[in-house]
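These notes concern the structure reproduced below.
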Amino acid sequence: MSSSAFLNWAHAYTGRVAGADPAAFTPRLGEAANLLGRDIAAGKLPFINMPYADSMTQQLEALTPGLARFEHMVVLGIGGSALGARALQKAFFPQQDRPGHKGPWLWIADNVDADSLEAWLASLPAEKTVVVVISKSGGTIETIGQYFIVRDWLRQQCGNSWAQHVVTVTDENNGFLRDEANTHGFASMPVPDNLGGRYSVLSGVGLIPAAFMGMDWKALVRGAKAVGAPLYANPDAATLGAHPAWQLAVWNTLLMKEGYSQLIFFSYMPLWAQFGFWFAQLWAESLGKEGKGSMPLPAVGVTDQHSTQQMFLDGPRDKACLFLTCSSLPEGRQFPDDMPEKWHFLRGKRFGELLHAEALGTRMALHSTGTPLVEINMAGSDEEQAGRLIGLLEITTLLTGWLLDINPLDQPAVELGKRLANAKLGAPGYDTETADLGAFLSAQGKQQEF
Ligand code: PA5
């Protein structure tokens, strides 16, 4: 196991939470610990104790050799069925974006982007391509829409063997995609029961792509389990109160009470920057309820020092920050000795030292403006560490939801837009929405050209 990652709380309680007392939440520990113990035992929080891990490992080990015959993997999925895979891809498979890459290739189709889909289908060699359709519900229109088009393409390109090019990840028993898998005999892995999309990266959802890219996916699982272990081994109030996820949840709840409505996720691990976008969905979809929550703002160090940073530092004082660092990142080449005098201080230093210096500069600058900030310092940049980060952030999100008295596992508000889109497309059973669409469109007012 890697040496420890840690949270640096030195600059967390500053600004308007300077006098806040985290102990104010101590009375809630007993109730939260009971709930945690009960829900873990009932299998309702499988991202914490991963009761599915052994069977998943067996299934993934059985599936992986068959994936090796393909050069391209196309993932069809959206939201929690795609963002984790992309974060893992960018963190642990950067070679795909670099010169000279000879494969394999992972393509993640998580949008209604006819242009990209067309480009892929026009040039991918179907005989060397596996399509992984990921949908817990098995009925998400964007994913299923892509599936119909890609299924058609596979049939045309591969004839009778087309079904051997499809893997599904979906509910074990229910949904359209499960029916399709059964009908056509697709290779398949389940999304474990009670594992919601945005909490599911460490199941077949994220790990089939990870296995295809050759990652140490077992280490991802190990890392996340290690973070959850104290809680499922001994879910009492003392253990929970000492857990970093609880302390982050308390901090965030205090921040929200004091009007910090935005939470920057500033990644000074450049390859891990996509975890910010994965976290953004986890946080926003879990906590944005009943007027509560804080808006996650993924930011990339150092790139965004030249972009959104000005707003972070001198815009509205409504932002706190989770600041992701790792002191053992590769530092790369040394600056040459013939640097001009103006830059002489760089001579002999390594390129990566610039990142560390700028990370420190940004942390201090944020602190100087009174921005509450917790540094998440990873002990390394390997898969086990990523698993730890994933585990920590998932449990933090859950506990923050509980402290806000909202359900962090559902996402009811997003249904309305889906229903209206279905109505617009003429799906049956949406009479109210169809009438609402008519009223909305007729009230558009005048158009203004520019
Ligand atoms: O986190 C969630 O539950 C959602 O973001 C889902 O992942 C997303 O809506 C896709 O759903 P599904 O996996 O059922 O296609």
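The working numbering applies: residue 5 is where the sequence shown begins, and numbers increase by one. Glycine included, every Cβ here is placed at the ideal spot set by N, Cα and C.
Checklist entry - What does Val-173 pair with, by DSSP beta-bridge criteria? => result Ile-138, Met-193
Checklist entry - Which first and last residues belong to the beta strand (DSSP E) in which Glu-379 is found? => result 377–382
Next on the checklist: Considering Cα atoms alone, identify which of Leu-429, Leu-377, Pro-416 is closest to Ala-16.
Outcome noted: Leu-377
Item to check | Cβ-Cβ distance between Ala-237 and Thr-400 below 9 Å | outcome: no
Next on the checklist: On the CB-based measure, 16 or more other CB atoms within 10 Å of its CB, does Met-368 come out buried or exposed?
Outcome noted: exposed
Next on the checklist: Do Leu-393 and Leu-328 have their beta-carbon atoms positioned less than 9 Å apart in this structure?
Outcome noted: yes
Checklist entry - Is the beta carbon of Gly-352 sitting closer than 9 Å to the one on Gly-336? => result no
Next on the checklist: Closest to Glu-131 by C-alpha separation, out of Val-78, Thr-172, Gly-84, Gly-143, would be which residue?
Outcome noted: Val-78
Checklist entry - For Leu-92, which residues from the same chain have a beta carbon less than 8 Å from its beta carbon, with the 5 sequence-adjacent residues on both sides left out? => result Val-205, Gly-210, Pro-213, Ala-214, Met-217, Met-219, Leu-224, Ala-390
Item to check | Check: Gln-415 C-beta below 8 Å from any heavy atom of ligand 1 | outcome: yes
Checklist entry - In chain order, which continuous runs of the alpha helix (DSSP H) of length 4 or greater are located wholly inside the region 245–294? => result 248–261, 278–291
Item to check | Heavy atom of ligand 1 within 8 Å of Glu-289 beta-carbon | outcome: yes
Item to check | Rounded C-alpha distance that separates Ala-126 from Trp-347 | outcome: 49 Å
Next on the checklist: For Ala-457, tell me which candidate among Ser-446, Leu-235, Thr-30, Leu-429 has the shortest Cα-Cα distance.
Outcome noted: An answer regarding residue 457 cannot be provided, because it is not within the stretch 5 to 454 covered by the chain.
Next on the checklist: Is it buried or exposed, Val-418, if we count other Cβ atoms within 10 angstroms and call 16 or more buried?
Outcome noted: exposed
Next on the checklist: When you measure from the CB of Ile-138 to every non-hydrogen atom of ligand 1, does any distance come out below 8 Å?
Outcome noted: yes
Checklist entry - Where does the unbroken alpha helix (DSSP H) through Thr-436 begin, and where does it stop? => result 435–446
Checklist entry - Does DSSP classify Phe-74 as helix, strand or coil? => result coil
Checklist entry - Do Glu-75 and Thr-133 come within 9 Å of each other at the CB atom, strictly closer than that value? => result yes
Item to check | Per DSSP, cross-strand counterpart(s) of Trp-157 | outcome: Paired residue(s): none; Trp-157 is not in a bridge.
Checklist entry - Is it the case that the CB of Gly-81 approaches a heavy atom of ligand 1 more closely than 8 Å? => result yes
Checklist entry - Does the Cβ-Cβ distance between Leu-110 and Phe-281 come in under 9 Å? => result no
Next on the checklist: Would you say the beta carbon of Gly-84 is closer than 8 Å to some non-hydrogen atom of ligand 1?
Outcome noted: yes
Next on the checklist: Under DSSP, the beta strand (DSSP E) around Pro-300 begins and ends at which residues?
Outcome noted: 299–304
Checklist entry - What three-state label does DSSP hand Arg-354 in the structure shown? => result strand
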